[in-house]
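K.L.:
Sharing a structure with you now.
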């Protein structure tokens with residue numbers, strides 16, 4: 001007869017593994033819904049303090065998300081001297097735009113950072129984000145590529161934008177088109 | 001009963017993988033774990049300093065039983081406390097503190113599942129609880145668990161790095 005007191009126990013990750021499997025199946029059926037579920041899953045995984053390779057993916061996503069938030073905040077503070085309240089407002093804007101456009105926030109943050117670098121203004125960048133989102137959706141490209149093209153167009157270099165949408169060359173000057181659109185269009189936070 | 005034992009994912013795999021890579025690595029891991037758990041083991045051993053009931057010092061066995069569990073001696077009870085590793089498939093507790101001396105184990109648990117005369121003589125113990133070893137280990141295990149978790153995590157990282 002012996003008696004035991006556990007000091008370290010095995011973590012039972014069966015439920016977690018099952019959830020990851022189900023989510024990955026949904027990802028195959030519809031990328032967006034799969035992605036949304038994966039994103040929703042991230043905080044739970046982070047809270048569990050992922051220690052295995054099985055949940056390594058979710059941990060990486062959470063870390064990347066946090067790194068992107070820090071990078072955007074740094075960019076806003078460096079370029080526009082944004083206050084903490086403005087940084088929080090930018091995060092709120094990202095969250096709103098994410099829901100409106102069904103794009104992940106980790107795609108939107110680098111795009112906003114690109115535009116902030118180009119315009120030096122958070123307000124203008126937020127307005128330009130709407131056009132960038134339209135461009136990304138219409139041309140089926142990622143937000144970062146679209147934002148780079150829009151940022152260049154805002155600085156007067158329209159070649160990248162015209163390359164993405166040749167119709168802009170015929171219709172009107174790309175730079176003017178973008179700036180006009182920013183004046184009239186935009187998504188508010 | 002609420003378990004407050006620290007749960008570490010993949011701890012069994014880690015110990016088993018170490019054995020597959022190199023038996024010496026597994027041995028070193030266990031030695032390190034034993035060294036980390038030493039304060040908890042010592043605390044448990046220190047809990048035994050007297051024979052709980054005078055009759056326990058005699059060489060006897062219960063009527064109808066073939067196994068002789070007594071006498072209870074302090075030295076045997078102290079010696080019976082050790083660190084145990086259980087990496088079997090169904091095992092939940094992986095690194096444990098074990099009381100392997102039968103007399104001491106009986107003293108720890110008598111009457112906790114069903115009330116009996118021996119349990120009444122030894123004093124009340126709640127279901128799933130132990131008289132001395134549990135409280136002693138619980139008091140000492142806070143630092144032990146954290147160090148143990150850190151050591152396991154470090155080993156897991158090294159294994160993953162080595163396998164890449």
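Chains as they are written, first to last, in this note's numbering: chain S, 1 to 189; chain Z, 1 to 164. C-beta atoms are modelled at their ideal positions from N, C-alpha and C, and glycine is treated no differently. Nothing here was measured: the structure is a model prediction, and the numbers come from that model.
#1: State the beta-bridge partners of residue 7 (chain Z) as determined by DSSP.
#2: Is the Cβ of residue 50 (chain Z) closer than 8 Å to any Cβ of chain S?
#3: Just to confirm before moving on: does the CB-CB distance between residue 11 (chain S) and residue 144 (chain Z) stay below 8 Å?
#4: Tell whether a beta-carbon distance below 8 Å holds between residue 9 (chain S) and residue 99 (chain Z).
#5: Classify residue 139 (chain S) as buried or exposed, calling it buried when 16 or more other Cβ atoms lie within 10 Å of its own Cβ.
#6: Who are the Cβ neighbours of residue 54 (chain Z) in its own chain at under 8 Å, not counting the five residues just before and after it?
#7: Can a CB atom of chain S be found closer than 8 Å to the CB of residue 2 (chain Z)?
#8: Taking C-alpha atoms, which residue in S:142, S:159, S:7 lies nearest to residue 104 (chain S)?
#9: Name the chain S residues whose beta carbon is nearer than 9 Å to that of residue 32 (chain Z)?
#10: Can you list, in chain order, the residues of its chain whose CB lies under 7 Å from that of residue 71 (chain Z), leaving out five sequence neighbours each side?
#11: Which same chain residues end up closer than 8 Å to residue 120 (chain Z) when comparing Cβ atoms and leaving out the 5 residues on each side of it in sequence?
#12: Quick one: grab the DSSP three-state call for residue 126 (chain S).
#13: Keeping to the same chain, check which residues put their C-beta closer than 7 Å to that of residue 14 (chain Z); ignore five residues upstream and five downstream.
#14: Quick check on residue 30 (chain S): does DSSP put it in helix, strand or coil?
#15: Classify residue 99 (chain S) as helix, strand or coil using the three-state DSSP reduction.
#16: Apart from the five residues just before and just after residue 61 (chain Z), which ones in its own chain have a Cβ nearer than 6 Å to its Cβ?
#17: Pick out whichever of S:4, S:155, S:72 has its Cα sitting closest to the Cα of residue 111 (chain S).
#18: Just mark residue 166 (chain S) as buried or exposed, buried being the case when its beta carbon has 16 or more other beta carbons within 10 Å.
#19: Which partner residues does residue 85 (chain Z) have in the DSSP bridge list?
#20: Applying the 10 Å Cβ sphere with the 16-neighbour rule, what's the burial state of residue 98 (chain S)?
#21: Excluding five sequence neighbours on each side, which residues of the same chain lie with their C-beta closer than 7 Å to the C-beta of residue 108 (chain Z)?
#22: How about residue 110 (chain Z): is its C-beta nearer than 8 Å to some C-beta of chain S?
#23: Looking at the secondary structure, which residues open and close the alpha helix (DSSP H) in which residue 57 (chain Z) lies?
#24: Rounded C-beta distance between residue 115 (chain S) and residue 125 (chain S)? I'm assuming under 8 Å.
#25: Distance, Cα to Cα, residue 38 (chain Z) vs residue 11 (chain Z)?
#26: Please confirm whether residue 3 (chain S) has its beta-carbon closer than 8 Å to some beta-carbon of chain Z.
#27: Quick check on this structure: which residue in Z:113, Z:93, Z:84, Z:123 has the alpha carbon closest to the alpha carbon of residue 29 (chain Z)?
#28: I need the straight-line Cα distance from residue 123 (chain S) to residue 162 (chain S), nearest angstrom please.
P.N.:
From the atom records:
#1: S:9
#2: no
#3: no
#4: no
#5: exposed
#6: none
#7: Confidence at residue 2 (chain Z) is low in this model, with a pLDDT of 41, below 50, so the placement of that residue is unreliable and no value is reported for it.
#8: S:142
#9: Result: empty, since nearest Cβ-Cβ is about 13 Å, beyond 9 Å.
#10: 56, 57, 58, 59, 103
#11: 111
#12: helix
#13: 152, 155, 156, 159
#14: Here residue 30 (chain S) scores only 48 on pLDDT, less than 50, and its place in the model is too uncertain to base an answer on.
#15: helix
#16: 68
#17: S:72
#18: exposed
#19: Z:95
#20: buried
#21: 99, 130, 131, 132, 133
#22: no
#23: Counting along the chain, residue 57 (chain Z) falls outside any alpha helix (DSSP H), and DSSP gives it neither H nor E.
#24: 4 Å
#25: 19 Å
#26: yes
#27: Z:84
#28: 24 Å
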